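FYI, in our numbering the residues of the sequence shown are 337 to 825.
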Amino acid sequence: MTEKNREVRESWIERFGLALSRSVESWMPDPLIFALILSIVTIVMALVVMRPYEVMGPIDVLDWLFRKCWYGGFWELLAFAMQMCLILVTGYAIAYHPLVYRALRGLSRRVKDTKQAVIATTAIAMFFSWINWGLGLIIGAVLARVIGVEFYKQGKPLHYPVVCAAGYTGLGLIWHWGLSASAPLLSNTKGHVFASLFKSLFGRELVPLDETIFHLYALSLSALMFVSAVIIMWALAPKSPEHMKGIDVVAPHVLREELEGERREGKRFEKWTVADKLENSMVIAGIIVLIFLLSMIFWFNKMGFIAGLDLNSVNFIFILAGFLLYLNPIAYMRAIARAAPGVAGIIIQFPFYAGIMGVMKYSSVVAGGPNLAAVIAQSLAATATPFTWPVICWLLSGLINIFIPSGGGQWAATGEFLTRTSALLNVPIGKTIIAYAAGDQWTNLFTPFWAIALLGVTGTRARDIFGYCIALMLIAAIPMGLGLAFIPY
């Protein structure tokens, strides 16, 4: 095909995605290297911006920086890291149960090419991410993997990286306006960290959900970004087979895992020992299912569905669903073991991001003074007006999210300043929370922190998919910014 014909067939946005993808492949390192470089940059920023040497001696500066800030935060994400490991392996086990896998495989066979695969994956990932970010992440990842495997088996061309990027869209464009949104849920939780501040500024301690995620402003933004994500990812997906890299090229080890899994599933015991009978006991599995089911019934009866739907309850439901599907303890364990290699990145990288968060949160030079995150936020918001504030709030929270890639963690670090600015400008606090949430999720498309689980499931590297993620982030900024500014609250 000539260059001229190629230009006729490919849109500018498709060429943009391909060019950015090639560029990112050459410069984006492994997520661990990204975390290490970001750690160094954050530590240097703390010294330059906070200037602790003006009020401390050299030894005190080192103690402040490395003990209080860096080490003080380094271990704070251990529980969260375990939650992420569980959501990856339990979600994987569910998806690879024969019944679920056949359903996903049936869906994958309905799509005929890369563009249709991207539409299906984006829509499903966005929908489930609105319900729960962990659910959307793992379903998007597993669906992308299944599509990649099935297209390979059928001999159909597929650009696997863009399909995997589609599985990540929900974490960048919708989750923080959904049912598991950290800042809106925290702001509606009795006794939350800013309760007294809200009381003094707005005359109430809580911000009800009908002012945040269930407000027409947030629902309209969610609908806008759902449609935008599907259209943008469809436009980014290449049509020409010469640009496509299938799963056999990008993640050949995934195919080997599939074949090994099929061989394991084909094994049968010729003679069952007592140990074999216990390992394969439907009775034991059934009792466990009953225990889990009763626990969830009473949990949601006590807490309510929305308040009770958190990462722990999602993981609990995933484990319940796994035992219910397999009804065979050892078969379930083997499925978990197949998924376990995918959590290696989570185990080593999350502590480094926790250290970065520690530097951002604990870097106040004097008691009661602003931390590094607040200083950055204040400098960016100095010229805000009531009209520009939602956009400025979105952009500054997007910047800080690169250093504190946790919705709740960033809100704890910057929420006081954002709240005071909202009150000063007479902007409804619910609108500020939604604008903050927009930025917190938006730059997830730039940093690989949240993609680590997806990379583990799909067998891809950050450099394989983040060209498309960054392209989506840049193009989606247009409807997101316009929506934040012009959709009425």
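Cβ atoms here follow ideal geometry from the backbone N, Cα and C, with glycine treated the same way.
Remember, predicted model here, so these are calculated numbers, not experimental data.
Problem - Asp366 versus Pro815: straight-line alpha-carbon distance, rounded - result: The residue you call residue 366 lines up with position 30 of the sequence shown. The residue you call residue 815 lines up with position 479 of the sequence shown. Each residue's alpha carbon lies about 30 angstroms from the other.
Problem - Thr505 versus Val563 - alpha carbon distance - result: Mapped onto the sequence shown, residue 505 falls at position 169. Mapped onto the sequence shown, residue 563 falls at position 227. Computed Cα separation, rounded: 12 angstroms.
Exercise for the section: Go through its chain and collect everything with a Cβ distance to Ser444's Cβ below 6 angstroms, but skip five positions before and after it. Expected result: As a working note, residue 444 is residue 108 in the sequence shown. Once the five neighbours on either side are set aside, the close Cβ partners of Ser444 are Val482, Ile483 and Glu486.
Practice task
Using a Cβ-Cβ cut-off of 9 angstroms, state whether Gly766 counts as contacting chain D.
Solution key: No chain D is present in this structure, which holds just one protein chain.
Problem - Coarse secondary structure for Val344, derived from DSSP in three states - result: What you label residue 344 is simply residue 8 of the sequence shown in a count that begins at 1. With a pLDDT of 43 at Val344, under the threshold of 50, the modelled position of that residue is not reliable, and no figure is offered here.
Handout entry: Rounded C-alpha distance that separates Asp776 from Phe785
Key = For this step, residue 776 is matched to residue 440 along the sequence shown. For this step, residue 785 is matched to residue 449 along the sequence shown. Their Cα atoms are separated by approximately 13 angstroms.
Practice task
Using three-state DSSP, classify Arg827 as helix, strand or coil.
Solution key: This structure leaves residue 827 out entirely; the chain is present only between 337 and 825.
Practice task
Please report how far the alpha carbon of Thr755 lies from the alpha carbon of Ser523, in whole angstroms.
Solution key: Translated into the one-based positions of the sequence shown, residue 755 becomes position 419. Translated into the one-based positions of the sequence shown, residue 523 becomes position 187. Those two C-alpha atoms are separated by around 11 angstroms.
Practice task
Report yes if the C-beta distance between Gly503 and Leu471 is below 9 angstroms; otherwise report no.
Solution key: The count along the sequence shown starts at 1 and reaches residue 503 at position 167. The count along the sequence shown starts at 1 and reaches residue 471 at position 135. Cβ atoms of Gly503 and Leu471: not closer than 9 angstroms.
Practice task
Please determine, among Gly795, Ala813, Arg797 and Ala720, the residue with the shortest C-alpha to C-alpha distance to Ala759.
Solution key: By 1-based counting over the sequence shown, the position of residue 759 is 423. Taking only the C-alpha atoms, the option nearest Ala759 is Ala720.
Practice task
Sort Ile583, Leu560, Ile712 and Phe534 by Cα distance to Met386 and report the nearest one.
Solution key: Here residue 386 refers to the residue found at position 50 of the sequence shown. Among Ile583, Leu560, Ile712 and Phe534, the Cα nearest to that of Met386 is on Ile712.
Exercise for the section: State the Cα-Cα distance for the pair Leu761 and Ile549, rounded to the nearest angstrom. Expected result: Here residue 761 corresponds to residue number 425 of the sequence shown, with the count starting at 1. Here residue 549 corresponds to residue number 213 of the sequence shown, with the count starting at 1. One C-alpha to the other measures close to 22 angstroms.
Practice task
Would you list, in sequence order, the uninterrupted beta strand (DSSP E) runs of no fewer than 3 residues that lie entirely inside the region 618-673?
Solution key: For the region 618-673, not a single whole beta strand (DSSP E) run of length 3 or above is found.
Handout entry: Every unbroken alpha helix (DSSP H) within the region 765-792, with a cutoff of 4 residues, ordered by chain
Key = 765-778
Exercise for the section: Output the distance between the C-alpha atoms of Ala807 and His528, rounded to the nearest integer angstrom. Expected result: As a first step, residue 807 is located in the sequence shown; it is residue number 471 there, counting from the start. As a first step, residue 528 is located in the sequence shown; it is residue number 192 there, counting from the start. Distance between the alpha carbons of Ala807 and His528: 36 angstroms.
Exercise for the section: Pull up the distance between the alpha-carbon of Pro388 and that of Val701, whole angstroms please. Expected result: Along the sequence shown, one-based indexing puts residue 388 at 52. Along the sequence shown, one-based indexing puts residue 701 at 365. Their Cα atoms are separated by approximately 6 angstroms.
Handout entry: Straight-line gap, Leu479 to Gly442 (C-alpha atoms, nearest Å)
Key = Numbered from its first residue, the sequence shown carries residue 479 at position 143. Numbered from its first residue, the sequence shown carries residue 442 at position 106. Cα-Cα distance, rounded: 11 angstroms.
Problem - C-beta atoms of Leu790 and Gln419 nearer than 9 angstroms - result: Reading the sequence shown from its first residue, position 454 is the one you call residue 790. Reading the sequence shown from its first residue, position 83 is the one you call residue 419. In this structure, Gln419 does not lie closer than 9 angstroms to Leu790 by Cβ.
Exercise for the section: Measure the C-alpha to C-alpha separation of His589 and Gly766 and round it to an integer number of angstroms. Expected result: Reading the sequence shown from its first residue, position 253 is the one you call residue 589. Reading the sequence shown from its first residue, position 430 is the one you call residue 766. Looking at the two C-alpha atoms, the distance is approximately 46 angstroms.
Practice task
Taking only the alpha-carbon atoms, compute the straight-line gap between Leu542 and Leu521 and give it to the nearest angstrom.
Solution key: In the sequence shown, the residue the question calls residue 542 occupies position 206. In the sequence shown, the residue the question calls residue 521 occupies position 185. Their backbone Cα atoms lie some 10 angstroms apart in a straight line.
Practice task
Inspect the beta-carbon positions of Phe634 and Ile423 and report whether they are closer than 9 angstroms.
Solution key: In the sequence shown, residue 634 corresponds to position 298, counting from 1. In the sequence shown, residue 423 corresponds to position 87, counting from 1. Result no, Cβ atoms of Phe634 and Ile423 do not sit closer than 9 angstroms.
Practice task
For the alpha helix (DSSP H) holding Glu412, just list the boundary residues, first then last.
Solution key: Residue numbering aside, residue 412 sits at position 76 when the sequence shown is read from its first letter. Unbroken run through Glu412: none, as it is neither H nor E.
Handout entry: Residue closest to Pro577, alpha-carbon to alpha-carbon, out of Ile624, Met639, Lys492 and Glu615
Key = As a first step, residue 577 is located in the sequence shown; it is residue number 241 there, counting from the start. Out of Ile624, Met639, Lys492 and Glu615, Lys492 has the C-alpha closest to the C-alpha of Pro577.
Practice task
Just mark Gly800 as buried or exposed, buried being the case when its beta carbon has 16 or more other beta carbons within 10 Å.
Solution key: By one-based count along the sequence shown, residue 800 stands at place 464. This sequence places Asp at residue 800; Gly is not what is there. Flag for Asp800 reads buried.
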